[in-house]
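Visitor: Would you mind keeping the following structure in view while I ask a few things?
In my numbering, the protein residues as written are 746 to 809.
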């Protein structure tokens, strides 16, 4: 029973991520993030990375 429930969870998550991948707004944001990540990694200000990580966590929880 546990395995069947996990299979259902996996299917639902795959469907959810597939719908996010199809969304043009998500694709645009992912492209922008790909442009900004190298700049952030080179940043000499450690506060920048903390702020970005916090924003990523907040964005993740908003998706639910």
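The beta-carbon is built from N, C-alpha and C at its ideal position, and this holds for glycine as well. Given the structure is predicted, the values throughout are model-derived calculations rather than measurements.
Between which two residues does the alpha helix (DSSP H) holding residue 753 run?
Guide: Note, residue 753: alpha helix (DSSP H), 747-767.
Visitor: How about residue 774 and residue 785: are their beta carbons less than 8 Å apart?
Guide: No, they are not a contact pair.
Visitor: Could you compute how far the alpha carbon of residue 769 sits from the alpha carbon of residue 759?
Guide: Whole-angstrom Cα-Cα distance: 18 Å.
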